[in-house]
């Protein structure tokens, strides 16, 4: 499996994200951060992907709406860290994944 495989890009230019993007904005992280004890200090899925060679500098254009009546938020040509920093629902952003990605960028 290629951990840098990109999602299809639609006719409007959105898509192209790698699996690592789904560790940055994550319902799983939200649930664990809200209900798990003790709180997670690491993101095992992000670590797994990064250890397998996922590119911490990947870029993509994404659109996201959490609830049906929300605005459709667009993030054009963003890095993984920009995706997390700009995402409108910060409670869904995995701080452990962001930290791991930032560490890998610094190591390069």
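Residue numbers (my numbering): 55 to 162.
Using N, Cα and C, we set each Cβ at its ideal position, and we do this for glycine too.
*From the DSSP output, in three-state form, read off residue 119 for me.*
coil
*asked:* Less than 6 Å between C-beta atoms, sequence neighbours within five positions excluded: which residues of the same chain meet that for residue 67?
replied: 115
*In three-state DSSP terms, what is residue 113?*
strand
*Find out if the Cβ-Cβ distance for the pair residue 104, residue 153 is shorter than 8 Å.*
no
*asked:* Contact defined as beta carbons within less than 8 Å: I believe residue 108 pairs with residue 72. What is the distance between those atoms, to the nearest angstrom?
replied: 6 Å
*Name the DSSP beta bridge partners of residue 129, please?*
116
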